[in-house]
Amino acid sequence: MLTVLLLIPLCLLVLLGTTGRRHYHTQRLLVLAGVIAQLSITLFLYARFPQAGAAGSLSFEEQYEWFRIPAGDWGTIRADYHVGLDGLGLSMLLLTSVVFLLAAIASWNIKEKSKGYYALFALLMLSVPACFVVRDYLVFYVFFEFMLLPMYFLIGLWGGERREYAALKFFIYTLVGSLFILIVFIAGLVSTFDPAATALEAGIIASIEDYTPALLPEVQKLIQTQPEWVVHRFDMDLLAMQESYIPGSVLFAGHDFRWWAFWLLVTGFLIKLPAVPFHTWLPDAHVEAPTPISVILAGILLKVGGYGLFRFVIPMFADLWQAHSEVLAFMAVLSILYGAMNALAMDDLKKMIAYASVSHMGYVLLGAVSMTEEGLQGAIFQMMSHGVLSAGLFLLVGVLYDRTHDRHISHYSGLWHRMPRFSVFAFLLMFASLGLPLFSAFVGEVFTLLGSFRSEWVHNGWVAGAALGIVLSAAYFLWCLRRMFMGEYWLSEPAYHERLTDLRGRETVLLGICVVLSILWGVYPAFLFDIAQDSVNTLLRLIP
């Protein structure tokens, strides 16, 4: 099923290639059909997930050898097409499907260069879900890097006035982070080996099924005396297994390079998250990106950074993650407070929401640092919650900008009188984002703070700073609501009055999906907690 999920965008690209330049009606229907097909498969996977695999194992797994390269004294390098889902991957895949559905419907009015736009959109539909389902880190890196290209062109060609600058800044920042990650992945490849595959290659066993942990000492002795039999694989699981590291290699415990590798990998994924001080690309990218691309950027692309921390950094460097927990907690709280204070100072509504994203993603980092069950569950839940709420907030900005091409908060007052349905959704989404009970953000933030408070790795002072971020969040959202929607009806330009029509049916459906999901997850958080539990248990077992 996962292969079918990834083939849908490729089929979509072929079908888009048969359409004419002006057939935007057909193109958007094709993309919508593709997104709905991916969502349907994801919901099927979710429904089957508890029965499909036991805790700690992969569900819906497929594995085929991709290529094998003899490397002389280094042995053999092998890469696989390997896909499968655990709770963390399924959570992110579910969020991806929802966000792409919102973005596809929000793209309904794209008519200029529509064929190119929807082709790039289809490439994102391939590369983003692939990051969450592949289990070979070479393939992960290919898709992780590949998603930069469609985003660069979507911002640079369909963005605002400073779109070239924003697209280039986004590309440079994320490319540098990707290079840091690539360095560590190369080090991981040369530092690890597959014990079972090596035993098979050397003739110690007749098949992979014959391998048992009791053979490990014999295999380890073999790689010291006959390294040409070693099989190096890009398997994510090998990075988390201490017994798979070659003694004396650059990532073996005690080697000086391990410290540098840890910070290179952390920095690479924190750029994507983003955390202060690696965040400066985000406000520019959000402000200049068209609304559907802002939805994808905030709703799911930022989550790839958090996913990387859980999938790679903690399993590979659990000891260093603990040793530097206070530094990482400081960065998390700095992101929370710095993002919140900048949001409080913004007059541009879109830039305010962009800085709010920096602040709210800081809770993901804090929960990950806590390494408690509550903190890890809260961090994963916060990624899901922020995905739908930030998408809804950027859709709100898009509704306003489509009508007036003006995003300044100070240019509006009393919009409740003119746009009541729009105002209702604005109140609901902003109340949900500031952490009101019964909405999803409340659950994510409370569990993150609770887990951090219980953690032996995080000082309570950092927890107090993160709690202050919730107060600041309430301040900038309530301040925005009071200025824009309450009081006497007033517009900076009288001409705006005729253009400010209330929500259309399509816009109501989009915002309604975001609100309903936030309430559903806020009232019944077990919907997400249950599927993430196996991944949380796996991370907890890594604690030194």
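In terms of the working numbering, the sequence shown opens at residue 1304 and continues consecutively.
C-beta: ideal position from N, C-alpha, C; glycine also.
Given the structure is predicted, the values throughout are model-derived calculations rather than measurements.
Closest to residue i by C-alpha separation, out of the options, would be which residue?
i, options, result
"ALA1770", "GLY1747, TYR1792, MET1787", "GLY1747"
"PHE1572", "ILE1617, GLY1642, ASP1538", "ILE1617"
"LEU1585", "SER1547, PHE1474, PHE1684", "PHE1474"
"ALA1433", "PHE1449, ALA1470, LYS1418", "PHE1449"
"PHE1615", "VAL1533, VAL1630, PHE1488", "PHE1488"
"THR1379", "LEU1843, ALA1406, GLY1695, PHE1496", "PHE1496"
"ASP1366", "LYS1416, LEU1308, ARG1438", "Looking at the sequence provided, one finds Gln at residue 1366 rather than Asp. Taking only the C-alpha atoms, the option nearest GLN1366 is ARG1438."
"MET1733", "SER1776, ILE1712, SER1713", "SER1776"
"LEU1393", "SER1713, PHE1684, LEU1423, LEU1806", "PHE1684"
"LEU1310", "LEU1335, ARG1786, MET1428, TYR1421", "MET1428"
"GLU1512", "ALA1499, GLY1506, GLN1523", "ALA1499"
"LEU1316", "PRO1593, ILE1846, GLN1330, VAL1307", "GLN1330"
"VAL1338", "LEU1361, SER1360, LEU1405", "LEU1405"
"ILE1549", "PHE1832, LEU1794, THR1501, TYR1444", "THR1501"
"SER1838", "ALA1671, LEU1452, TYR1444, ILE1773", "ALA1671"
"LEU1600", "ARG1536, PHE1725, PHE1697", "PHE1697"
"HIS1328", "ILE1372, LYS1418, THR1399", "LYS1418"
"THR1570", "GLY1808, THR1707, VAL1826, LEU1485", "LEU1485"
"MET1539", "PHE1447, TYR1421, LEU1460, HIS1385", "HIS1385"
"PRO1580", "THR1594, LEU1640, GLY1557", "LEU1640"
"PHE1403", "THR1594, TYR1455, GLY1790, ARG1710", "THR1594"
"GLU1677", "VAL1630, SER1755, ARG1802, MET1722", "SER1755"
"GLY1506", "GLY1491, GLN1529, ALA1490", "GLN1529"
"TRP1760", "ASP1705, PRO1520, SER1673", "SER1673"
"PHE1446", "ASP1587, VAL1607, PRO1353, LEU1471", "VAL1607"
"MET1454", "LEU1471, LEU1519, SER1716", "LEU1471"
"SER1481", "MET1655, GLU1467, TYR1440, ARG1785", "TYR1440"
"GLY1772", "VAL1307, ALA1635, THR1306", "ALA1635"
"THR1399", "VAL1436, TRP1369, ILE1413", "VAL1436"
"ASN1840", "SER1547, THR1675, MET1649", "THR1675"
Within the 8 Å Cβ cut-off, does residue i reach chain B?
i, result
"HIS1326", "The structure shown contains no chain B, having only a single protein chain."
Going by the DSSP bridge assignment, what does residue i pair with across the sheet?
i, result
"TRP1793", "SER1716"
"ARG1536", "ARG1381"
"VAL1386", "GLU1365, VAL1437"
"THR1495", "TYR1548"
"ASP1651", "HIS1711"
By the three-class DSSP mapping on this structure, what secondary structure does residue i have?
i, result
"LEU1576", "coil"
"PHE1581", "coil"
"ALA1374", "coil"
"GLY1772", "helix"
"VAL1761", "coil"
"THR1477", "helix"
"PHE1663", "Correcting the residue identity first, residue 1663 is His in this sequence and not Phe. Helix, per DSSP."
"SER1510", "coil"
"MET1722", "coil"
"ASP1559", "coil"
"ILE1846", "coil"
"ALA1798", "coil"
"ALA1543", "coil"
"PHE1750", "helix"
"VAL1487", "helix"
"GLY1463", "coil"
"PHE1756", "helix"
"GLN1529", "coil"
"ASN1840", "helix"
Please look up how many angstroms separate the CB atoms of residue i and residue j, rounded, as I've assumed it's under 8 Å.
i, j, result
"GLY1738", "VAL1667", "Going by Cβ atoms, the distance from GLY1738 to VAL1667 rounds to 15 Å, so no, they are not a contact pair."
"MET1267", "ILE1344", "Since the first residue of the chain shown is 1304 and the last is 1847, residue 1267 is not available in this structure."
"PHE1858", "GLN1625", "With the chain running from 1304 to 1847 in the structure shown, residue 1858 is simply not present."
"MET1664", "LEU1568", "18 Å between Cβ atoms; not a contact."
"ILE1712", "LEU1647", "The Cβ separation is near 11 Å, so there is no contact."
"ALA1469", "GLU1591", "4 Å"
"SER1736", "ALA1632", "At roughly 23 Å, the Cβ-Cβ gap does not stay under 8 Å, so SER1736 and ALA1632 are not in contact."
"SER1494", "VAL1401", "Between VAL1401 and SER1494 the Cβ distance is about 38 Å, and since that is not below 8 Å, they are no contact."
"ARG1721", "LEU1820", "ARG1721 to LEU1820, Cβ: 28 Å. No contact."
Complete beta strand (DSSP E) runs within the segment 1807 to 1835 (minimum length 3 residues, chain order): If we require 3 residues or more, the segment 1807 to 1835 turns out to have no beta strand (DSSP E) run fully inside it.
Continuous alpha helix (DSSP H) assignments of at least 4 residues falling wholly in the segment 1311 to 1369: 1327 to 1355
Length at least 4, wholly inside the segment 1575 to 1637: the alpha helix (DSSP H) runs in chain order: 1584 to 1591, 1594 to 1599, 1605 to 1611, 1621 to 1626
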